[in-house]
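Everything on this sheet refers to the single structure shown next.
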Amino acid sequence: MFNNKSVHNPNNIDASIVCEKLINQYQYCFDLSYSQRMAQWNSSFSNFDRIEQLSIHFYDNAIEERKEERKMKGAMLVGVKEQQLHSMQDYLNALNIVFDYNKEIGHLDGNVAPIVADWPGQRYIRQALTHFHKKNENSIPKEIVSVVPLLGPLHVALNTKEQVMKIYYPFFEKLFHFVFGERKILAKKPRPWRTNLLLELAFTAWIEIKEHIVKKFIFLQKNIEYQVIMELLDNIVPASLDIYALLFRSGSFDNYVETIFRIWTFALRWHRKNYNKAPLAFLSDLFYWEKIEHPMREAIKKNLVQFNDYWVENMHSRIRATTSPKDAADNIQKQAYLLDFHKYSAFREMFSTTKHYPYSPRDLKFLTTKTCIFLISQFQEIYRKNEETNLVSSKIPSPLKRRKKKKLPTSYNLPTLGEIDITSMPTGYSTLFPPLFNNCDHCYKILNINDQTIILICGHGFHLECYNSMEKKCRHCLNYYKKGIWKNVNAFLNGLNSEKNFDKDLDDDAQEDTEEDNNNSEETEIDQLNRQESLELDLLNRISEINSW
C-alpha cells in the first residue's frame, strides 16, 4: 500500500485506462513507422557493438563477445523444484520456495517482489492474485499480495521475432537463399540467433537503400506490395530488434513502453494468442501506477534494466546444455546448484574454451551488401508490376458503395508477393475500412499524392486537411485497436476469474523444441569473401539504375 492505494489495480486489468492512453498519447505514434518515431525521440541510447547485439540470443557464457550481463554476477539461485508449471497450483508451489525463505529474512514484509515472467507465469500468478482478492481461495498464501508479475522483455523480443519469421517466411526464405545460396535450407522455425541475424541483415540493408527507394516510390505509396515490404522493413523488423537489445538494455523507459504498445498492435492483427493479452496487463499496471502516483512506476523507470528475464533464460540454457532429458530430477537439481556456484569461478574461466559468434564484421559487411542487392531486386519487381498491383487494389470497394453484409477480403493475390493473408499486411487492411486505391480514406475523394497528402504506415492515406480534422489520428485503426483492447482484456479477465487451468493457452515460448536447419558449419557458409569489392561495385550500379526503372 502507498497512501492507502494498493499496488494492485482494484479493476485488475483496466481496458479503459489503456484506451485512454491510446487515444490521448499513442495513436499518433502508431500512424508512423517505428523508424520514423525513433527519429523523433530525443533519447541517447547505449552504444552496443553490432556482433554483441547479434549474440543476444546466445546464452552460452563461453561466447567471447559476452558482456557483463552474461556473467550472472547479480543473480542468486534460491531453489530448484520439479514442476510441470501447467496450473496455478504449480506456480504457487514454486512461489512457496520464496515465501518459505521469506519467513527467515522478512524481505517481503511491507514490500513488493516483482516477478518478470513469460506468458504462463503472467497468467497463473495473476490468476492467483485475482482469486485471492475475491477471497474465494483459502489455499492461496497471503504473501501473494507482495508479488507483482511483470512482462518479460526478452520473451517479448523472442516471441515477436519468431512470429515475424513465421508470418513473413516466404520473404525471408527468398532472402536467405539469395544471400546464403539456393542449396541452403531455412528451417520453418530457425534458431533464435539465426532469426536475429536475418532480421538484422534486412534492416541494415534497408537503411542503406531506403532513401533511394522511398524517392522512387514517392507517387506509388498506395501500392499494396510496396506498403507490405515498407512496413515490414521500417516498422516491424526494427521494433522487434530494438525492444530488448536496445531500448530495454539502454534503460529508455518511455520509448520502451511505447514500443511494447506498438508490438501489441502487431500481435493483435497477427492473432497472436496470449501476446495479444500479456502486454495489455503490463500497460494497464503502468498507467494505473502513473494515475495514482504510485512509486512502483518510478522504480521501474529508474531501474528498468534490472527487471530482466535474461538471467532465468541464461540459467535454463546452461542447465539444458549440461543435462539430459532422461536425467532424474535430483541430478538436474544438483547440476543447477553446481552451475550457480561456479558462475563466480575465475579459476574455472581460465580453463574454459571460448567460442566466437559465427560471423566477423567483415562477413557481416559482405552479407549486408548481398541483402541490399536482394532488396533492390524485390522493389524493382514491385515497381515493374505496379499496374498489375493497381488492378488488385482497385477492387477494394469504397465504403460508399459497399453492401453492409458483404465480407471484406481476408487475403490478396499479389503479382510479386503471391497470395498473402491480411495479417501480413499493414494494420489498415485488418480494419473495417481497408485502404482505398486512389481515394482519401476519410472523405473518399480522389487522392493525388503531393505535399498536401499523407500516407500512414497502416496503409491509409488522407488529405492533410482530412487528417488534421481527425486530430492527426487514423480513426479506422484507432477504432480497431480500441476494439482489440476491450476484446482481449475481457478474454484475459474471464480466464483469470475461471477455476480452470488453460494448458492449451500456453504459448510456444514454453516449448524448447526449436526446429534446426541442416546447413553446414557456420564457419564455412561464406566462401566468396574475395568478391566483396566487385559486389559493392554491383550494388553501386544497381542504386544508380533505380532512377531509370
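Letter by letter, the sequence shown follows residues -18 to 530 in this note's numbering. Glycine residues also receive a C-beta, built at the ideal position from the N, C-alpha and C atoms.
At the level of alpha carbons, what is the spacing between residue i and residue j?
i: D490; j: W100; result: Any reading at D490 must be qualified, since the residue scores a pLDDT of 49, below 50, and its modelled position is unreliable; the value itself is stated next. Using only the alpha carbons, I get a separation of about 8 angstroms.
i: N236; j: V145; result: 21 angstroms
i: Q513; j: C353; result: 13 angstroms
i: R164; j: P151; result: 16 angstroms
i: E493; j: T304; result: In this prediction, E493 has a pLDDT of 42, which is less than 50 and means its spatial position is unreliable; what the coordinates show is noted afterwards. Rounded to whole angstroms, E493 to T304 spans 14 angstroms at the Cα level.
i: E446; j: Y425; result: 13 angstroms
i: S14; j: E212; result: 7 angstroms
i: E504; j: Y461; result: Summary for E504: the model assigns pLDDT 40, below 50, so the residue's position carries little reliability, and this model does not support an answer.
i: F322; j: E124; result: 29 angstroms
i: E526; j: T176; result: 31 angstroms
i: T495; j: K147; result: Only weak support is given to the placement of T495: the predicted model assigns it a pLDDT of 48, under 50, and the question is left unresolved by the model.
i: V470; j: G476; result: 10 angstroms
i: Y410; j: N77; result: 47 angstroms
i: Q108; j: P306; result: 30 angstroms
i: D(-5); j: V209; result: 33 angstroms
i: K84; j: V128; result: 15 angstroms
i: C0; j: E239; result: 14 angstroms
i: L356; j: N255; result: 33 angstroms
i: S515; j: R523; result: 12 angstroms
i: I401; j: I86; result: 57 angstroms
i: N5; j: S25; result: 25 angstroms
i: S27; j: F414; result: 41 angstroms
i: K283; j: R230; result: 12 angstroms
i: Y480; j: I427; result: In the sequence as presented, Tyr is not what sits at residue 480; that position holds Glu. Between E480 and I427, the C-alpha separation is close to 55 angstroms.
On a Cα-Cα basis, can you pick out the residue from the options that is closest to residue i?
i: P396; options: Y410, N371, S405; result: N371
i: P378; options: P390, E369, A75, N204; result: P390
i: G60; options: N74, Q70, F113; result: N74
i: W467; options: Y225, N(-16), I(-2); result: I(-2)
i: V564; options: G91, D90, Y105; result: Since the first residue shown for the chain is -18 and the last is 530, residue 564 is missing from the structure and cannot be characterised.
i: E452; options: I210, N522, N289, D12; result: D12
i: N449; options: Q433, F414, M19, T408; result: Q433
i: M296; options: L89, H38, I205; result: H38
i: T246; options: T408, K272, S27; result: T408
i: Q8; options: V470, D321, N475, L437; result: L437
i: M277; options: A94, E369, N5; result: A94
i: A531; options: P122, N367, L320; result: Here the chain comprises residues numbered -18 to 530, so residue 531 is not present and cannot be evaluated.
i: W251; options: G162, M406, P306, I166; result: M406
i: P380; options: H457, E369, E279, K366; result: H457
i: R365; options: S265, I313, Y207; result: Y207
i: E362; options: R31, F198, D71, D(-5); result: F198
i: R343; options: N284, I32, E368; result: I32
i: E63; options: I357, D266, N255, I313; result: I313
i: W530; options: Y256, L132, F360; result: F360
i: A280; options: L131, D215, T404; result: L131
i: N23; options: S233, N478, L459; result: S233
i: L35; options: Y338, N429, S374, G102; result: Y338
i: E192; options: S374, S375, S16, S392; result: S16
From which residue to which residue does the beta strand (DSSP E) around residue i run?
i: P130; result: 128 to 132
i: I435; result: 434 to 436
i: F443; result: 442 to 444
Got a sec, what are the start and stop residues for the alpha helix (DSSP H) residue i sits in?
i: H323; result: 310 to 323
i: N236; result: 234 to 251
i: P276; result: 276 to 283
i: S529; result: Taken as a continuous stretch (DSSP letters only), S529 belongs to no alpha helix (DSSP H), as it is neither H nor E.
i: H457; result: 456 to 478
i: K2; result: -4 to 2
i: I273; result: 259 to 273
i: F11; result: 8 to 12
i: P219; result: 218 to 223
i: Q34; result: 31 to 35
i: H297; result: 291 to 303
i: S16; result: 15 to 21
Segments of 3+ residues assigned as beta strand (DSSP E) that fall wholly inside the segment 59 to 104: 94 to 98
Inter-stretch contact at 8 angstroms, needing at least 3 Cβ pairs: the segment 438 to 447 / the segment 418 to 426: yes
Alpha helix (DSSP H) segments (min. 4 residues) lying fully within the segment 147 to 206: 150 to 161, 173 to 197
Contact the segment 133 to 145 vs the segment 216 to 223: 3+ CB pairs below 8 angstroms: yes
Given 8 angstroms, three or more beta-carbon pairs between the segment 345 to 355 and the segment 186 to 202: yes
Continuous alpha helix (DSSP H) assignments of at least 4 residues falling wholly in the segment 354 to 424: 367 to 374
Cβ contact (3+ pairs, closer than 8 angstroms) linking the segment 272 to 292 and the segment 223 to 232: Yes, the segment 272 to 292 is in contact with the segment 223 to 232.
At least 3 beta-carbon pairs within less than 8 angstroms: the segment 242 to 260 vs the segment 455 to 474: yes
Three-pair Cβ contact test at 8 angstroms for the segment 165 to 185 versus the segment 118 to 137: no
Stretch pair the segment 110 to 120 + the segment 199 to 210: three plus CB contacts closer than 8 angstroms: no
The segment -15 to -4 / the segment 264 to 271 touching (three or more Cβ pairs under 8 angstroms): yes
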